[in-house]
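The listed protein sequences correspond, in order, to chains A and B. Positions 1 to 379 (our numbering) are the ones given, in order, by the first sequence. Positions 1001 to 1647 (our numbering) are the ones given, in order, by the second sequence. Have a look at the structure below, then the notes.
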Amino acid sequence: MSYLEYTVKSTPTGLRKILFLNWPLTLLLSSAACVGFLMLYSVAGGSFTPWAEPQMKRFAVGLVLMVAIGMTPIWFWRNLSGFCYGVTVILLIAVDLFGEEGKGAQRWVDLGFMRLQPSELMKITLVMFLAAYYDWLPPEKKSRPLWVLLPITITLLPTALVIQQPDLGTSLLLVMAGGGIMFLAGVHWAYFAAVIASGVGLIVAVFQSRETSWQLLNNYQYRRIDTFIDPSADPLGAGYHITQSKIALGSGGWTGRGFMQGPQSRLNFLPEKHTDFIFTTLAEEFGFVGGISLLAIYLLVIFFCIASALANRDRFSSLLILGIALNFFLFFAVNMAMVMGLIPVVGVPLPLVSYGGSAMLVLMLAFGLVQSAHVHRPR
Amino acid sequence: MKRKNADHEANQSLLSRRALVVGGLQLVLVGALAARMRHLQINEADQFRTLAEENRIKFKLIPPVRGEVFDRNGVQLAQNIPNYQIKMVREDTRDVEAVIARLSKIIELDDETIERAVALIKRSAPFYPVTIAEDVTWEDISRVSVNAPALPGVTPEVGLSRVYPLGSDFAHVLGYVGPVSDYDLKKIDDPDPLLRIPRFQIGKVGVEAKEEIRLRGSAGNKQVEVNAAGREMRELGRREGKPGANIQLTIDSKLQNYLQARLDGESASAVVIDCETGDLVAIGSAPTYDPNLFVSGISTADYRELTDNKFRPLASKAVQGTYPPGSTFKMITAMAALEEGIIGPDDTVRCNGHLEVADRKFHCWKRSGHGSVDLKNSLKRSCDVYYYDLALKVGIEKISAMANVFGLGVRHNVEMSAVARGLTPTKAWKNRVHGKDWVIGDTVNASIGQGYMLASPLQLAVMTARLATGREVTPRLVKSVDGVEQASGAGGPLKVDQNNLKKMRQAMFAVVNDRAGTANKSRITVEDMRMAGKTGTSQVRNISAAERRTGVIQNEDLPWERRDHALFIDFAPADNPKYAVAIIVEHGGGGSTAAAPIARDITLQALYEGPPPLEAYPSKDRGRIRSQQKRLAKMRPMAKAQDADKT
């Protein structure tokens, strides 16, 4: 639907828009962030430095950013989505060319005031661009091969760039997000069946190719998979993270050992305890109850997003909200599954809880778009 | 673009359906996550809780590598070298006696070692690797490895062991490490879990003990899963510790080596301090011992030999020995009087060999007396009566206070064991400690560094450096820790009249360089290296009136323990002091004959940073010095080895 058809008179204007923000969503996001502050305070041994305090500042900035974006009309963002996508792709190319090395992968580009991870941004701009695409595309064309090929290209171009870095985890998330939007937009299910079938074929190929001349993945990626399959084989090397986090989770029990009482995280046996593996600290200190509570917060975020999307008659807005919700889901589900040893270790932070500026700001930016779509929905 | 409303509705409902499908899928996955969480935290919790709590997972310490010690030029003084050990695990060995018997056929093991090992193995846990033999050779290790099938449970291992390459030269400075004992644990309040490791090596004396915390570093941790018997099954986690800090001393190992060689054969001690920085460039004590003997535990026989030696090789005389400073104290008495304005440098006192105070005769060392003497002459010829006279006018409190200004009666902060405070007596002190009133005779004795007055060679060296520079020089032994330079001991100006100090320096110059000076025989003849100093001879016995009547017995006729201590202090070059030296030869006799020549040799060695040219000595000494230098060079294999390294 075009913005021209909005019933302008019932759409809030000016500062009144603040009252029409999706407040339950805002509160849920804030509570998830508070869990993050608490855990960062705990892993630092009961100190606001070095993690909790900067994280709080960033969240404050993120909140302001979210409200500001939320008060900007949604059509503005829709018209900008192609441009945003283009800029992010250029940034990705820039990172591949002269990004800074971090942990064996080129992921950062230094903007002077902060280090940006364009692959994070890509998750959002891809969703924006695809939502705009399906908003523009006449519905009857959506399952025609040529019009299916185009969004696939839009998805695979950044995916290929991210694989170059190399960052397997994020590239898989991009594919899933892109595929998710296509599915939501109503592309015929047969396409997805075909992709899943060939995906299974690819996995077989990946394993068959190992230690041959046409090996498809890097050795470290194979090792991660090996580790996942049998973490105890190499407890000091590759399987270390998983063994440690399993011990931490297991020792938490029902109610945990209490705030700041987790020996696993306290004794520094958990690497990345403030970033990707922060969930282990939560699970160790607050047990099953704490872990489930965070999971419930996340689930409610998804719920409010889907509710907002279903109530929205604007196609771009619905697709955008659902896409962002899907992204958010992938974020926490992949992180938790990784920590709980369900999938291999991929570098995905726990949204709003893990320490890290780039991921947090991008996420708040995305929820800004969700707010904007909510505020400016056709009434 | 125009679209039909129905089209839109159909589209919208498709989106809603698909959204619900995706949402449902997400719900299912979240459910799976929750189930997994429940499984790990609740169902498997028992297993993991056991792992985490019931000591199935143990935290073991990884001992850090002890920091090494270097001299000021980077010569290694204490190092860690690989030490091949043979260990045995009882539960793998089973028949311990048989295996040890077999082992002793392959490598050489003495009965004492075997006995100790067997006892230790029986006491230890069955899985604990017990060291059977230490410091075995590489050949032995290979022999054991080759015969491994016949030796179940016996494993060759490599550990680190502390070695002092310069051995006895640094025994008193560095001290040594040894296995931690129950006594150590009781004595020091140190919660470091490393100390609970059996036979963990800690510093026992000297720098090794004083800098123990910094040298030790901090332990790493490893997390291991153990079986019910407590045996390590696998390593789960590891956190590296911090190796100990490397410490650089201010000592110059070549000078130290020379000093120890020069003192050899005496029971003596000498300190060389850098006047500008307070750096202790050499601090020696003789006789000495080999600290390497202590590292893995000294044998009883060796230890008894050290403790029974009447020259006390274990004592670090330079810092813990205190002696009456004798005439080397006279500068302090004179400074007290000058500062109080009681005398001027040109005022004279008449010495007729003795001074009568309170019906008691106090003798000058020269029975015939020195006649009329001023400050310079009194010091040069070491007249006692002059100082008796000053002391009576100034009083003991002022003298003791002045001694404190110059670093006597003060415990200097040097990283060695049992640094002595010495004693600068006051009236209150005597009352408190002896319960008696101070008498005037005590003041008279104190004025010439006798009686209650006590100082260590270190304190005398600091006093000399302060006299030479007029600054509050404090001694420094640790130059840097892990490359971080420590605070210099240069100090600010002393709170005394610098003109008075200049007079003292002129008088001390005369002691060595005037023909009538007591140390004139030990002068340096190179013009810009000339030294200024003061001799001292301190009595360790009272000379009785009866003895005086029959004539004082010559030192040489007395048993060693009753002879006088010989002292000498000096600084050089006199016009621009670089080094201050203090030396004491226990029961050596007169300061001018027993101490001054040694002090001169050491001073020259320091000034020339090696053997001095013979021109530095008065011409009639040169022949004797040449043969002495040759003899010392033979005694100093280390110095030669180092010179060879450099070329």
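Here a beta-carbon is modelled for each residue, glycine too, at the ideal position from N, C-alpha and C.
Query                                                                                                                                                                                    : Result
Return the CA-CA distance between Asn79(A) and Ala131(A), expressed in angstroms with no decimal places.                                                                                 : 11 Å
Within the 7 Å Cβ cut-off, does Asn1309(B) reach chain A?                                                                                                                                : no
Distance cutoff 7 Å, beta carbons only. Does His374(A) sit that close to anything in chain B?                                                                                            : no
What is the rounded straight-line gap between the Cα of Ile1569(B) and the Cα of Val1585(B)?                                                                                             : 12 Å
Using beta carbons (cut-off 7 Å, strictly below), is Glu1054(B) in contact with chain A?                                                                                                 : Any reading at Glu1054(B) must be qualified, since the residue scores a pLDDT of 46, below 50, and its modelled position is unreliable; no value is offered.
Could you spell out where the beta strand (DSSP E) holding Thr1537(B) opens and where it closes?                                                                                         : 1532-1538
Ala1019(B) touches chain A at which residues, Cβ-Cβ below 8 Å?                                                                                                                           : Leu184, Ile306, Ala309, Leu310, Ser318, Leu322
Near Met1529(B), which residues of its chain fall below 7 Å by C-beta distance, leaving aside the five closest residues on each side in sequence?                                        : Ala1572, Pro1573, Leu1607, Ala1616
Please classify Arg16(A): does DSSP put it in a helix, a strand, or coil?                                                                                                                : helix
So the candidates are Ser1372(B), Leu1392(B), Gly1422(B), Leu1040(B); which of them puts its Cα closest to the Cα of Ile292(A)?                                                          : Leu1040(B)
With burial defined as no fewer than 16 other Cβ atoms inside 10 Å of the residue's Cβ, what is the status of Leu146(A): buried or exposed?                                              : exposed
Check distances from the C-beta atoms of the segment 1496-1511 of chain B to those of chain A and list, in chain order, the residues that come in under 7 Å.                             : none
Excluding sequence positions up to five away, which residues of its chain have a Cβ less than 7 Å from the Cβ of Glu1068(B)?                                                             : Gln1076, Ala1078, Gln1079, Asn1080, Asn1246
Look at the alpha carbon of Gln244(A) and the alpha carbon of Ser358(A), and state the distance between them as a whole number of angstroms.                                             : 27 Å
In whole angstroms, what separates the C-alpha of Arg1626(B) from that of Leu1632(B)?                                                                                                    : 10 Å
Can you pull the chain A neighbours of Asp1192(B), defined as C-beta to C-beta under 7 Å?                                                                                                : Simply none; closest approach about 16 Å.
Taking any Cβ of chain B, which residues in the segment 190-218 of chain A have a Cβ under 7 Å from it, in chain order?                                                                  : none
On the DSSP letters alone, give me the boundaries of the alpha helix (DSSP H) that Thr1469(B) sits inside.                                                                               : 1457-1469
Exposed or buried, His1587(B), counting other C-beta atoms within 10 Å across all chains shown (16 or more means buried)?                                                                : buried
Roughly how many angstroms separate the alpha carbons of Ser1285(B) and Lys1254(B), rounded to a whole number?                                                                           : 15 Å
Taking the alpha-carbon of Gln1026(B) as reference, which of Trp23(A), Ala333(A), Thr170(A) has the nearest alpha-carbon?                                                                : Ala333(A)
Looking at chain B, which residues of the segment 337-359 of chain A have a Cβ within less than 9 Å of any of its Cβ atoms?                                                              : Ala337, Met340, Gly341, Leu342
Tell me, please, which residues DSSP counts as bridged to Lys1361(B).                                                                                                                    : Glu1356(B)
Excluding the five sequence neighbours on either side, which residues of its own chain have a C-beta within less than 8 Å of the C-beta of Asp1071(B), listed in chain order?            : Leu1077, Gln1248, Leu1249, Ile1251, Asp1252, Ser1253, Gln1256
Counting only Cβ-Cβ distances shorter than 7 Å, please list the residues of the segment 241-257 of chain A near chain B, keeping chain order.                                            : Thr243, Gln244, Lys246, Ile247, Leu249, Gly250, Ser251, Gly252, Gly253, Trp254
Name, going along the chain, the residues of the segment 1027-1042 of chain B whose beta-carbon falls closer than 9 Å to a beta-carbon of chain A.                                       : Leu1027, Leu1029, Val1030, Ala1032, Leu1033, Ala1034, Arg1036, Met1037, Arg1038, His1039, Leu1040, Gln1041, Ile1042
Using a C-beta cutoff of 7 Å, does Gln1044(B) count as contacting chain A?                                                                                                               : Here the sequence assigns Glu to residue 1044(B), which means Gln is not the residue at that position. Chain A, which has a Cβ nearer than 7 Å to the Cβ of Glu1044(B), makes this yes.
Could you name the residues of the same chain whose beta carbon sits closer than 7 Å to that of Val1650(B), not counting the 5 residues immediately before and after it, in chain order? : Limits of chain B in this structure are 1001 at one end and 1647 at the other, which puts residue 1650(B) out of reach.
Give the list of continuous alpha helix (DSSP H) stretches no shorter than 4 residues that lie fully inside the segment 46-88 of chain A.                                                : 52-70
Against chain B, does Pro24(A) count as a neighbour if the rule is that its beta carbon must be under 7 Å from one of theirs?                                                            : no
Spatial neighbours of Lys246(A) within its chain, please: C-beta separation below 7 Å, excluding the five flanking residues on both sides.                                               : Gly341
What's the C-alpha gap between Asp1095(B) and Val1130(B)?                                                                                                                                : 15 Å
Between the C-alpha atoms of Gly1435(B) and Ile1396(B), what's the straight-line distance to the nearest angstrom?                                                                       : 17 Å
Using a 10 Å radius around the Cβ and a threshold of 16 neighbouring Cβ atoms, would you call Leu19(A) buried or exposed?                                                                : exposed
Which of the residues in the segment 1147-1170 of chain B, read from start to end, lie with their CB under 7 Å from any CB of chain A?                                                   : none
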